[in-house]
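2 protein chains.
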Amino acid sequence: SPKWIATDLYTLSHLDPSTAHNSDILKSTLSNASNQDLPAIYSSRAFAKFLALQARATDAKHCLEVGTLGAYASIWLATENPNLKITTLEYNSHHVQVAKENISNADLGDRITVHEGPAMETLPTILSDIDAGKLPKFDMAYVDADKTNNWNYFDAAVKGCRKGAVVIVDNVVQGGLIASQDKPLDKPGHVEGAREVIENTGKDGRVSATVIQTVGEGSHDGFLFAVVL
Amino acid sequence: SPKWIATDLYTLSHLDPSTAHNSDILKSTLSNASNQDLPAIYSSRAFAKFLALQARATDAKHCLEVGTLGAYASIWLATENPNLKITTLEYNSHHVQVAKENISNADLGDRITVHEGPAMETLPTILSDIDAGKLPKFDMAYVDADKTNNWNYFDAAVKGCRKGAVVIVDNVVQGGLIASQDKPLDKPGHVEGAREVIENTGKDGRVSATVIQTVGEGSHDGFLFAVVL
Ligand SMILES: C[S@@+](CC[C@H](N)C(=O)[O-])C[C@H]1O[C@@H](n2cnc3c(N)ncnc32)[C@H](O)[C@@H]1O
Ligand SMILES: C[S@@+](CC[C@H](N)C(=O)[O-])C[C@H]1O[C@@H](n2cnc3c(N)ncnc32)[C@H](O)[C@@H]1O
């Protein structure tokens, strides 16, 4: 809705002005992605900043992201948190190439590591590196890839997380279709994937969680916010 | 919108079932408040749980709340965080009395302290107790009282907070009126108070912040999420 967009633009004009320290690099991250035909499905600016502030509030040192795209959210996380390393997973090799360009332009190659491949194949190696002490546990995880695997990614993320870590899954509301009998026509599996992660999380004694419904530059959707107990 | 309400009810049925450890005490908190004619302006269930999880993720030990009402949010915070103490401020003596009953019924009198009086009068004493080392700094603050004082409460909260603390201000979107030329007819000062806290926060070098627009059991609104730098 135009009202939602106008509200984000108003709040961002004050809270994320073009004079912000990371504004130029984030703008060129998005324009490079767009010039190279990446879909405009990155997290909204207000929400990406929320993720970055969340990392800051929890003093996170190591964050997992499933679904890199052009590394927009990763670069938000890294530029707001000088001590944070990000492990981010992406299976589309063109997205990986653009993400790496953006990370290199932002001079963040030492803190953002992109693993190429289907996340269900790269996650096991990352989890065994954590088990073997080669990688620190995650203090935070952000799941934002193929929605049908939401629960699998959530489950793996919790395995790699320390106690107290926050796990956020984006797009679990799907315009309210999760609570409706209407059959969604587009985006096959998105509603089912959202319901599965919500319903399984509710039964999962490892975490406590809530869903916050959001509107803004993006459409009506929402995020699952879980804390590892 | 009915769709927003149905979505909250669906997610809560899974993530906050009536078998949850604190479900009974939270229900009787609300029914006692309603029986004693408190207005139903408490934070929504999904959002109150979000606040409680936020405290958990940041391992908060001391939280400030401005605007107690019947202590619903306070009891959420305390029951999800066994090591958390809450200092909460309320000027309406009937609300204070009901809040104290609810806190006592929940057996949380040792961890939730209600200060009666206009918050602009009780805050200075609390801040000087913090300065004098009689009270620990706040790890988190939740501003949810008279909206015209949003900025004053935010400013005071930041003064009492440690580095890395989260300060959340509720109801800063007001159905999108903050970004509209329309003159709001009801709730005088709410829109102005929301704009003031957003605009001043944007100029405030002590914090970094974003606004997340929300929908749900409550109407279209949103929260300011700031981290003390
Ligand atoms: C919504 S975008 C991620 C946006 C990014 N988190 C941001 O905010 O900038 C989802 C990404 O997940 C990737 N993806 C889809 N399926 C995947 C899979 N099985 N494994 C890894 N990545 C996948 C897509 O190629 C796409 O780049
Ligand atoms: C929205 S309610 C708070 C709800 C509560 N935070 C919850 O989620 O359960 C706002 C409360 O602020 C109180 N209030 C209003 N002005 C105040 C003031 N100047 N000082 C302290 N409290 C005030 C009102 O009496 C009311 O109880």
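Chains as they are written, first to last, in my numbering: chain A, -12 to 216; chain B, -12 to 216.
C-beta atoms are modelled at their ideal positions from N, C-alpha and C, and glycine is treated no differently.
At least one CB atom of chain B sits nearer than 9 Å to the CB of PHE212(A). By a beta-carbon distance limit of 8 Å, TYR140(B) does not contact VAL202(B). Their separation comes to about 24 Å. The way I'd put it, the region -8 to 6 of chain B does touch the region 190 to 207 of chain A; three or more beta-carbon pairs between them come closer than 8 Å. Interface flag for LEU2(B) against chain A is set, since a Cβ pair is found closer than 9 Å.
In terms of Cβ geometry, LEU110(B) and ILE155(B) do not form a close pair [threshold 9 Å]. The nearest non-hydrogen atom of ligand 2 is 8 Å or more from the C-beta of ASN22(B). At a cut-off of 9 Å between C-beta atoms, TRP(-9)(B) counts as an interface residue with respect to chain A.
What LYS36(A) touches in chain B, judged by beta-carbon distance under 7 Å, is THR197, going in chain order. Under a criterion of Cβ atoms nearer than 7 Å, the residues of chain B adjacent to TYR(-3)(A) are, in order, ILE165, ALA166.
Residues of the region 38 to 67 of chain B that bring their beta carbon within less than 9 Å of a beta carbon in chain A comprise ALA39, LEU40, GLN41, ARG43, ALA44, THR45, ASP46, GLU67, in sequence order. For the options ALA47(A), GLY104(A), GLY57(A), GLN84(A), the alpha carbon positioned closest to that of GLU67(A) is the one of ALA47(A). DSSP places VAL160(B) in no beta strand (DSSP E); its state is neither H nor E. Residue environment analysis places THR112(B) among the exposed positions, since fewer than 16 neighbouring C-beta atoms fall within 10 angstroms of its C-beta. In the DSSP assignment, TYR129(B) forms a beta bridge with GLU52(B), ILE155(B). The Cβ atoms of LEU71(A) and GLY147(A) do not sit closer than 9 Å to each other. Against chain B, the beta carbon of THR201(A) has neighbours under 7 Å at ILE199, GLN200, THR201, listed in chain order.
Nearest to ASN187(B) by alpha-carbon distance, out of GLN161(B), VAL145(B), LYS87(B), LEU164(B), is VAL145(B). With fewer than 16 other Cβ atoms from the protein chains shown falling within 10 Å of its own Cβ, GLN168(B) counts as exposed.
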